[in-house]
Amino acid sequence: MTSLASTIAADIQPIRHSSIAAKVGLALALAALADWLFYGERIGLSLTLFAVAMACVSVLFNHAVLDFRRAAIGGTIFMLGLMPAVEELNTLSFLILVTSLTIALLLATNPETTELADRARALRNFVLFGPFRFFPETLQIFNMSAFTRGIALWLLPAALGTVFVALFAAANPVIEQWVSLLNPKVVFEYVSVWRVLFWTLMLALVWPFIHVRWRRRKVLTTTVDDGPVPPPLPPLVPAEFLGPSAILRSLILFNLLFAAQSILDGIYLWGHVALPANLTYAAYAHRGAYPLIATALLAAAFVLVAMRPGGPAEKSKVIRPLVYLWVGQNVLLVASSILRLDLYVDIYMLTYWRIAAFIWMGLVALGLILIVARIALDRSNLWLISANLIVLTIVLYITSLVNFDAFIADYNVAHSREVSGKGVQIDINYLLTLGPQALPAIDKAMLLRPGANESCLVSRRDLLVELQHRDLAWRSWGFRSWRLQRRLDAEVKNPPGNQPAG
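Okay, so the sequence shown: first residue is 792 according to my numbering, each after it adds one.
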């Protein structure tokens, strides 16, 4: 007789075949309800109605594990969370509604979490990992015969490939035209790529509330007597779904899709070749930077999951080169996104959000390179996280030393239509919002724009000068403000209009 004491991370048992079909059906019904309530409509009370419907469906499928007292507390919290959204739907009331719904679900269905840290950890896992469970868990509706095993091998490549094609169609009007040719016109007008993405998103969001599962840690002490050992539970996700064969198929398909996008960018964006007759270069170049970044992030997540340390694909001599090729294509995709944004800035000038987008895209590119380094050097995910945190810290530290107010103002004046002959006219009102550091550029802009010296603009400029003088007091003194004052004093002694030629 042997005594065993060990701490086990409890895996949730597979869904019973008698219930999974009903759960998938209700998930589709909720997605259809969301389509009717939200898609192409202004959202208000409709969100409250959808939250109530989702709560009712969740109670229907999880009533067996509900404790009346905890469920009553959770229901009260949920009702309180509905009130701000009924009063007025805004960002804060939306966050309150979502938070109250998840907390109510936790209290009603997870009695083992009693400490605040356990509850916070459970909610974190629910929010981060719950939306990714729908497609793997619905695979359990099939028994893994040879036919369904083949479907499982191609399900991940086909699903993610469809998402990538949809993102490429949103970013590239040429690919959008190709996709439109694959469908009858009437069907394509109704079942657009955005509608498919909307349904996919809604299914991913409602599924964790229908099939509730919480990761629990239990310490089990068992005494093994003479008797048969029960067989292990079958895996939650079939091995075919994320095994080496499915990953290999995915990488081959993804490399081909990304190569098509990269070739089109090379021809039209980098090579400036003439576009098809009904497309303009501006429409191609100024579209899709953000969908392409979303594509790169999704690709990075797939690589991290597929090439996880100790996974079956990590040591494969066939899969590794395909991963390196795909990550390289993603880096090229990020470079194309940066070029698109740069072309957009050339015409519509610079803002804080556009600078943030440049920095974000650079961080994404570095993150992809670090993923390759982790795989090539056989490092852990902890090393990858540490490396990314170091890069982020360095970038944040450098940006804290950059005078973005002056940089944006000087750039916009130097690249305006009045100075360069292209782009848009100087937006003096925007320059005035940048603060005292934009004063030298504002002075140049007011000289370049006839009629810009109207009393309203002059008074607003004087307010910035007054603010700058207050910043020079010893309590608020800063080296940047001191440098600005020296620059302003030099311009007073030698005004731009009086500078000698040459």
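Ideal placement from N, C-alpha and C gives every residue a C-beta, glycine not left out.
If you look at N1179, you'll find it in the alpha helix (DSSP H) that goes N1172 to S1191. The DSSP assignment places 859-878 as complete runs of the alpha helix (DSSP H) inside the region 851-891, in order along the chain (cut-off: 4 residues). Using a Cβ distance threshold of 8 angstroms, P875 and I887 count as a contacting pair.
Using a C-beta cut-off of 8 angstroms, the region 879-886 makes no contact with the region 855-867, since fewer than three inter-stretch Cβ pairs fall below that distance.
Straight-line spacing of the CA atoms in L1123 and D1262 works out to 44 angstroms.
Using a Cβ distance threshold of 8 angstroms, V1114 and I1166 count as a contacting pair.
In the three-state DSSP reduction, I1043 falls in the helix class (H, G or I). By the 16-neighbour rule on beta-carbons within 10 angstroms, Y1143 is exposed. Look at the beta carbons and you see the region 915-925 not touching the region 947-958: under three pairs across the two are nearer than 8 angstroms.
Between G865 and L896, the gap from beta carbon to beta carbon is short of 8 angstroms. In this structure, the CA atom of H854 is about 10 angstroms from the CA atom of V848.
Counting the other Cβ atoms within 10 Å of the Cβ of A1092 gives fewer than 16, which makes it exposed.
Leaving aside the five residues that flank V987 on each side, the residues in its chain whose CB is nearer than 8 angstroms to its CB run, in chain order, T953 and A957. Counting only the Cα atoms, A1178 lies some 15 angstroms from Y1188.
The alpha-carbon of G1226 is positioned some 6 angstroms away from that of L1255. In this structure, the straight-line span from the alpha carbon of I1043 to that of L1116 is close to 10 angstroms. Here V1210 is near L1239, since their CB atoms are less than 8 angstroms apart. Separation of A1200 and L1132 (C-alpha to C-alpha, rounded to the nearest whole angstrom) is 18 angstroms.
Around the beta carbon of R1266, a 10 Å sphere encloses fewer than 16 other beta carbons of the protein chains shown; the residue is thus reported as exposed.
The Cβ atoms of M1152 and I1084 lie closer than 8 angstroms to each other.
The straight-line gap separating the alpha-carbon atoms of R1277 and V1204 is approximately 21 angstroms. Distance from the CA of A1232 to the CA of A1148, rounded to the nearest whole angstrom, comes to 23 angstroms.
Y830 carries a coil assignment under DSSP once its states are collapsed to helix, strand and coil. Nearest to H1206 by C-alpha distance, out of V1136, L946 and V889, is V1136. Ranked by how close their Cα comes to the Cα of Q1259, the residues V1249, L817, C1247 and R1274 have R1274 in first place. Annotated as proximal: L1141 and Y1202, with beta-carbon spacing under 8 angstroms. L1175 places its beta carbon 8 angstroms or farther from that of I1185. For P1100, no alpha helix (DSSP H) encloses it, and the DSSP letter there is neither H nor E. In the assembly as shown, R915 is an exposed residue. Its beta-carbon has fewer than 16 other beta-carbons within 10 Å. Pairing G872 with T890, the inter-Cα distance amounts to about 8 angstroms.
When only Cα atoms are considered, S1036 and A1090 end up about 18 angstroms apart.
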